[in-house]
Amino acid sequence: TESVGDGISSIPKSMRRKNVSQLPALSQPQVLRHFLHLSQETLGVDFNIDIGQGTCTMKYSPKIHEQFASSEKVAEMHPYQDESTSQGL
Numbered sequence: 001t002e003s004v005g006d007g008i009s010s011i012p013k014s015m016r017r018k019n020v021s022q023l024p025a026l027s028q029p030q031v032l033r034h035f036l037h038l039s040q041e042t043l044g045v046d047f048n049i050d051i052g053q054g055t056c057t058m059k060y061s062p063k064i065h066e067q068f069a070s071s072e073k074v075a076e077m078h079p080y081q082d083e084s085t086s087q088g089l
């Protein structure tokens with residue numbers, strides 16, 4: 001196999017970092033927990049009911065949207081279909 005070489009040498013000197021980045025030193029489990037927590041904030045509906053969001057506001061609920069959109073009844077509907085034929089889905 002070919003050697004990839006030094007990746008930094010392909011970056012122009014004007015674009016290279018002058019100082020070492022000040023990123024915190026984290027272990028792999030800490031990083032994993034962080035991103036798991038972020039994913040739970042996005043899909044929080046599954047884990048926690050937050051009444052503070054209100055009951056009349058739009059919420060990001062991707063699982064229910066996917067379930068509804070993948071329904072055969074919805075997939076076969078036409079945008080201009082008569083409303084009386086689409087009641088009760």
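Heads up: the sequence shown begins at 1 in the UniProt record's numbering, then just goes up one per residue.
All C-beta atoms in this analysis are idealised placements derived from N, C-alpha and C, irrespective of residue type, glycine included.
### Task
Would you tell me roughly how many angstroms separate the C-alpha atoms of Ser10 and Ser21, rounded to the nearest one?
Near 19 Å, if we compare the C-alpha coordinates of Ser21 and Ser10.
#### Entry: Simplified DSSP assignment, three categories, for Val74
Looking at Val74 - three-state DSSP - the assignment turns out to be helix.
### Task
Measure the C-alpha to C-alpha separation of Val4 and Ser39 and round it to an integer number of angstroms.
Each residue's alpha carbon lies about 34 Å from the other.
### Message
Does Lys13 come out as helix, strand or coil in the three-state DSSP assignment?
### Response
Of the three classes helix, strand and coil, the one that applies to Lys13 here is helix, per DSSP.
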